[in-house]
Amino acid sequence: MREPYGFPIENIKPKAKVFSTPQGVQSKYCGITYREANSSKHTANSYLKEEKALEDKCKVIAIANQKGGVGKTTTAVNLGVALGISGKKVLLIDADPQGSLTKSCKIDNADADKLEVTLSELMAYEMTGEDKDYILINNSIKQFETVDLIPSNISLSGTETALFNCMSRESVLKRTIEPLRQKYDVILIDCMPSLGMMTINALVAADSVIIPCEPSFLSVKGLDLLLHSIAKIKRQINPGLKIDGVLMTMVDSRTVNAREITSALRDAMGNSINVFNIEIPRSVRATECPNAGESIFVHDPGGKVAEAYALLTKEVNGLERKAQVRPRSFGVR
Ligand SMILES: Nc1ncnc2c1ncn2[C@@H]1O[C@H](COP(=O)(O)OP(=O)(O)OP(=O)(O)O)[C@@H](O)[C@H]1O
Ligand SMILES: [Mg+2]
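First residue of the sequence shown: 1294, per the working numbering; consecutive thereafter.
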């Protein structure tokens, strides 16, 4: 007996999955009736594409700005930990040879500069074109508070140079993290302050980008260049890349300058680019976090920066809910 789409049922991966339908929750393959194939405008291909989207629920977010010191690493750590607290499986990737993310996260018995397996080794292996080495990938992953972390150190600067002589050099990081998409709900990539090959790799690997920006004249001016690069990558390599939003960081709302720059940026972006409603306030407690090796949620859980990152997490989760592929009830009554 053949199923409506002309496939024998065993070829449609008959895993029992539970879907929400307007009629309530029901299993896709058990206790359902199908519409006749010809009455549905969905083809087998679109059906299988939806299947794939549901299986690959991971979202990869690059945290990028070529301007230095604007709060990229701080945002990666605290947004990551907050998403972890909210119940998501989160992986942080340190894509900066400075290793700031790695050094900001206290990892048991680990000196960032002496780690044997880092992102650099994983990417170097990917460049050889061999089959995936899952043991190497597993060995690179460290635990920090509510998240996992792939660390980096100065050896990553050698990887950036090596990328120039490599085939499909823009997508090495994307290929490196491909097997990890099944394991995590969110992967956050902390980018280095440049628009070099490593940042391009992060933007090609990402589904979306968050742009931390300090309310200063030069930071805002630098956004043009970044937005131009993102548009180019979207046009030429990664058409699915979205901008989740610009995040104002280290905002001292007592100063007129910060207030004016923030409001001018919101006006300039208009409806074309989201600027997150929440602004991360400047606080000495946040400055202490890297030295303590803790996220703000451990270091100062009741403070204003922890509250701001918690609210940012709500906004980011809200964006994700909007964009989520909703299982449609086609073919199912
Ligand atoms: N909300 C905040 N209040 C006060 N200080 C902050 C805040 N956020 C970040 N900082 C401090 O600002 C400095 C730069 O932050 P961070 O390292 O996150 O920026 P970055 O963009 O990752 O820098 P780089 O471009 O060098 O990678 C750090 O010393 C950090 O502790
Ligand atoms: Mg950084």
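We put the beta carbon where it would ideally sit given N, CA and C, even for glycine. Only a predicted model underlies this, so the values are computations on that prediction, with no experimental measurement involved.
| Taking one C-beta from the region 1551 to 1568 and one from the region 1496 to 1510 each time, how about it: are there three or more such pairs within less than 8 Å? | By the Cβ test, the region 1551 to 1568 is in contact with the region 1496 to 1510, since at least three Cβ pairs between them sit closer than 8 Å.
Tell me which same chain residues have a C-beta within less than 7 Å of the C-beta of Ala1378, skipping the five on either side of it? Residue numbering aside, residue 1378 sits at position 85 when the sequence shown is read from its first letter. The sequence given here has Ile at residue 1378, not Ala. In chain order, Thr1439 and Phe1590 place their CB closer than 7 Å to the CB of Ile1378, counting only its own chain and leaving out the 5 sequence neighbours on each side.
- Task: Look at the alpha carbon of Glu1463 and the alpha carbon of Pro1486, and state the distance between them as a whole number of angstroms.
- Result: What you label residue 1463 is simply residue 170 of the sequence shown in a count that begins at 1. What you label residue 1486 is simply residue 193 of the sequence shown in a count that begins at 1. Approximately 17 Å between the Cα atoms of the pair.
*For Thr1606, which residues of its own chain have a beta-carbon under 7 Å away from its beta-carbon, when the five flanking residues on both sides are left out?*
Walking along the sequence shown from the start, residue 1606 turns up at place 313. Closer than 7 Å at Cβ, skipping near neighbours: Leu1372, Ala1375, Leu1376 and Ser1379.
For this session: Leaving aside the five residues before and after Glu1419 along the sequence, list all residues of the same chain whose C-beta is less than 6 Å from its C-beta, in chain order.
Result: Residue mapping note: residue 1419 aligns to position 126 of the sequence shown, counting from 1. Excluding its 5 nearest sequence neighbours in each direction, Glu1419 has C-beta neighbours in its own chain below 6 Å: Val1465, Arg1468 and Thr1469, listed in chain order.
| Below 8 Å, can you find three or more Cβ-Cβ pairs linking the region 1408 to 1425 to the region 1355 to 1367? | The region 1408 to 1425 vs the region 1355 to 1367: no contact.
| message | Please report the straight-line C-alpha distance between Ile1526 and Ile1356, rounded to a whole angstrom. | response | Stepping through the sequence shown from its first residue, residue 1526 is reached at position 233. Stepping through the sequence shown from its first residue, residue 1356 is reached at position 63. Going from the Cα of Ile1526 to the Cα of Ile1356 covers about 15 Å.
According to DSSP, is Val1539 part of a helix, a strand, or is it coil?
Taking the sequence shown and counting its residues from 1, one reaches residue 1539 at position 246. Under the three-state reduction of DSSP, Val1539 is assigned to strand.
How do the region 1517 to 1536 and the region 1574 to 1582 stand: do at least 3 beta-carbon pairs fall below 8 Å, yes or no?
The region 1517 to 1536 is not in contact with the region 1574 to 1582.
Note to self: Let me make sure I understand the geometry here. Which of Leu1385, Leu1412 and Asp1478 has the alpha-carbon closest to that of Gln1436?
What the structure shows: As a first step, residue 1436 is located in the sequence shown; it is residue number 143 there, counting from the start. Ranked by how close their Cα comes to the Cα of Gln1436, the residues Leu1385, Leu1412 and Asp1478 have Leu1385 in first place.
### Query
Closer than 8 Å: is that where the CB of Ile1482 sits relative to any heavy atom of ligand 1?
Taking the first residue of the sequence shown as position 1, residue 1482 is located at position 189. Not a single heavy atom of ligand 1 lies less than 8 Å from the C-beta of Ile1482.
Are the Cβ atoms of Ile1493 and Ser1522 separated by less than 9 Å?
Locating residue 1493 in the sequence shown gives position 200, counting from the first residue. Locating residue 1522 in the sequence shown gives position 229, counting from the first residue. Yes. Within cutoff.
Three-state class that DSSP yields for Lys1631 in the structure shown | Past the boundaries of the shown model lies residue 1631; the chain is included only from 1294 to 1626, so the question cannot be answered.
Can you name the start and end residues of the beta strand (DSSP E) that Lys1352 belongs to?
If you number the sequence shown from 1, residue 1352 lands on position 59. Here the beta strand (DSSP E) through Lys1352 covers Lys1352 to Ile1356.
Q.
Suppose contacts are defined by Cβ-Cβ distances below 9 Å. Is Thr1366 in contact with Leu1394 by that definition?
A. For the purposes of this step, residue 1366 is identified with residue 73 of the sequence shown, where counting begins at 1. For the purposes of this step, residue 1394 is identified with residue 101 of the sequence shown, where counting begins at 1. Contact: yes.
Practice item. Find out if the Cβ-Cβ distance for the pair Val1370, Cys1398 is shorter than 9 Å. Key: Here residue 1370 corresponds to residue number 77 of the sequence shown, with the count starting at 1. Here residue 1398 corresponds to residue number 105 of the sequence shown, with the count starting at 1. Contact: yes.
*Contacts around Asn1532, its chain only, beta-carbon distance under 7 Å, and the 5 residues preceding and following it disregarded*: Within the sequence shown, the letter at position 239 stands for residue 1532. Just to set this straight, residue 1532 is Pro in the shown sequence, not Asn. Contacts found: none.
For a test of your reading of the model: does the CB of Asp1389 fall under 8 Å from any non-hydrogen atom of ligand 2? Yes or no. Along the sequence shown, read from residue 1 onward, the residue named residue 1389 stands at position 96. Because some heavy atom of ligand 2 lies under 8 Å away, the Cβ of Asp1389 counts as near it: yes.
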